[in-house]
Amino acid sequence: MRTWTIILLAAVVLWPSVPVAGGLFGGRLFSRGGGLTPDELRCEYLADPLGIDVVEPRLSWTVRSNQRGQRQNAYRVLVASSRELIDKKVGDLWDSGMVVSDRTTHVVYAGKPLRSQMQCFWTVRIWDKDDEPSAWSKVASWSMGLLDPDDWKARWIGFDASRQRKAAAEKVDLSKASWIWYPEGDATASVPVGHRLFRKKFTVPEGREIVSAACAVTADNWFKLYVNGRPVRDGGNFKEARVVDIKDSLVAGINVLAVDAANQGDAANPAGVLAVLNLRFADGSAAVIVSDGSWRTVSSSRPGPDLCRGLGTSAPIVARYPVVDDMARQTCPE
Ligand SMILES: [Ca+2]
Numbered sequence: 625m626r627t628w629t630i631i632l633l634a635a636v637v638l639w640p641s642v643p644v645a646g647g648l649f650g651g652r653l654f655s656r657g658g659g660l661t662p663d664e665l666r667c668e669y670l671a672d673p674l675g676i677d678v679v680e681p682r683l684s685w686t687v688r689s690n691q692r693g694q695r696q697n698a699y700r701v702l703v704a705s706s707r708e709l710i711d712k713k714v715g716d717l718w719d720s721g722m723v724v725s726d727r728t729t730h731v732v733y734a735g736k737p738l739r740s741q742m743q744c745f746w747t748v749r750i751w752d753k754d755d756e757p758s759a760w761s762k763v764a765s766w767s768m769g770l771l772d773p774d775d776w777k778a779r780w781i782g783f784d785a786s787r788q789r790k791a792a793a794e795k796v797d798l799s800k801a802s803w804i805w806y807p808e809g810d811a812t813a814s815v816p817v818g819h820r821l822f823r824k825k826f827t828v829p830e831g832r833e834i835v836s837a838a839c840a841v842t843a844d845n846w847f848k849l850y851v852n853g854r855p856v857r858d859g860g861n862f863k864e865a866r867v868v869d870i871k872d873s874l875v876a877g878i879n880v881l882a883v884d885a886a887n888q889g890d891a892a893n894p895a896g897v898l899a900v901l902n903l904r905f906a907d908g909s910a911a912v913i914v915s916d917g918s919w920r921t922v923s924s925s926r927p928g929p930d931l932c933r934g935l936g937t938s939a940p941i942v943a944r945y946p947v948v949d950d951m952a953r954q955t956c957p958e
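Here the sequence shown is numbered in this note's numbering, starting from 625 and rising by one per residue.
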């Protein structure tokens, strides 16, 4: 044991951040259990977040010990593209190797490039002050949002002029929309985490040709927009409304917008959904559909548009859409 410790410490001095393959240390150390347990894995400070926009997300965990004076001496993170691989302890996206460090927060992902809508599964093991390794932690996960710049026809909700972009985004006026949420308390302050589904039915008159149908949506903290049951866009930043032209998804007659929204975090916190659909017709007329009390909502333990098929209840207005940036910050705290 002492021999191995000396070798490890020498490695720290010479190459403090060079990953070390865990297998080098053989089965003897791995089999001894260690006094620490990694737990509460977080990605961007969230448990199993959906639709994150950060291409180098920050990972963190907590360290539990039943021994006084214990500390983490090293860690090894595995990130895999499937649950099957992570269960086999294969990090096809990233294997940090054994990194000698007491760091448990802000561990920046440094693996293969992450693509839009990718699912990532991860686990961590740590070594204690005596270089005894822990078991692998419970598997955690995250998913990526849409990362392609072409997908981002977005603008700041605060209408900061420096952030304005060309294209459809500028034609969407959010000022008539309201933040809505499921009726479960004060959503500007604190409502439970979890999925809530929102649904709006509307009619496109027969014989009216649609020229454009710019739909802007955002949510605190994450959403996926469905048009007539098909997913069209998601997002995970409530400071931006994502705009998508849904013209090709609409039909003459009854149409349904559905938003699967998730309030994320470790504890109750603010939540809301904001949506606008601008319809322009070939005859020059226009129609605007905004999130308001006419939307229906249901609570759901699992995501998906179909669960919103029932009537649900009216979605109460949480707050009016803010007109200036400072109000945006006040109205959407987090
Ligand atoms: Ca929230």
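Cβ coordinates follow ideal geometry from the N, Cα and C atoms, glycine included.
Every value quoted in this text rests on a predicted model; they were computed, and no experiment measured them.
On the premise that residue j lies in contact with residue i, defined as a C-beta separation below 8 angstroms, what is that separation, rounded to the nearest angstrom?
i      : j      : result
Lys753 : Arg692 : Contact flag wrong, Cβ pair sits at about 11 angstroms.
Asp711 : Ile804 : The pair is not a contact, with the Cβ atoms about 40 angstroms apart (cut-off 8 angstroms).
Glu680 : Tyr733 : 5 angstroms
Gln743 : Ser705 : 7 angstroms
Lys736 : Trp718 : 7 angstroms
Gly675 : Trp846 : 5 angstroms
Pro855 : Ser758 : With 8 angstroms as the limit, Pro855 and Ser758 do not qualify as a contact, their Cβ atoms being about 39 angstroms apart.
Asp869 : Ala911 : That belief does not hold up - the Cβ atoms of Asp869 and Ala911 are roughly 15 angstroms apart, past 8 angstroms.
So which of the options has the shortest CA-CA distance to residue i?
i      : options                        : result
Asn697 : Ile676, Val678, Ala865, Val723 : Val723
Ser802 : Ala759, Val900, Arg682         : Val900
Lys871 : Ser705, Glu680, Ile834         : Ile834
Ser836 : Ala882, Leu898, Leu903         : Leu903
Val875 : Ala891, Asp844, Arg832         : Arg832
Asp726 : Gly715, Ser684, Ala906         : Ser684
Gly809 : Leu670, Thr686, Val678, Gly896 : Gly896
Arg700 : Leu709, Ala882, Gly715         : Gly715
Trp760 : Met768, Gly769, Val748         : Val748
Arg857 : Leu849, Thr686, Phe905         : Leu849
Gly877 : Leu660, Glu830, Ala865         : Glu830
Gly659 : Asn690, Pro807, Arg666, Phe905 : Asn690
His730 : Glu708, Asp755, Thr686, Lys713 : Thr686
Ser924 : Ala865, Thr728, Gly908, Val883 : Val883
Ser909 : Gly859, Val828, Val867         : Val828
Lys762 : Arg666, Arg944, Gly936, Gly889 : Arg666
Would residue i and residue j qualify as a contact pair, given that the criterion is a beta-carbon distance under 9 angstroms?
i      : j      : result
Leu702 : Trp746 : yes
Asn879 : Phe826 : yes
Ala840 : Val796 : yes
Ala811 : Val922 : no
His819 : Ala885 : yes
Tyr669 : Arg688 : no
Under 9 angstroms, Cβ to Cβ, is there at least one residue of chain C near residue i?
i      : result
Asp672 : Protein chains in the displayed structure number just one, and chain C is not present.
Sorted by chain position, which residues of the same chain lie with C-beta nearer than 6 angstroms to residue i's C-beta, five sequence neighbours on each side aside?
i      : result
Leu898 : Ala801, Trp803, Thr842, Ser915
Arg707 : Phe745
Glu913 : Residue identity differs from the one stated: residue 913 is Ile in this sequence, not Glu. Phe826, Leu901, listed in sequence order.
Apart from the five residues just before and just after residue i, which ones in its own chain have a Cβ nearer than 8 angstroms to its Cβ?
i      : result
Asn852 : Ser873, Leu874, Val875, Asn879, Val880
Asn893 : Ser814, Val815, Val817, Asn887, Glu958
Asp672 : Ala764, Ser765, Trp766
Val678 : Glu668
Ala906 : Arg832, Glu833, Ile834, Val835
By Cβ distance below 7 angstroms, which residues in the same chain neighbour residue i in space, the five residues on each side in sequence not counted?
i      : result
Trp919 : Ile804, Phe822, Arg823, Lys824, Ala939
Lys713 : Leu702, Trp760
Arg944 : Ser802
Pro807 : Thr937, Pro940
Leu709 : Asp716
(request) May I have a chain-ordered list of the beta strand (DSSP E) segments no shorter than 3 residues that lie completely inside the stretch 850-877? (result) 854-859, 864-869
(request) Starting from the N-terminal side, write out each stretch of the alpha helix (DSSP H) that is 4 residues or longer and does not extend beyond the stretch 696-779. (result) 707-711
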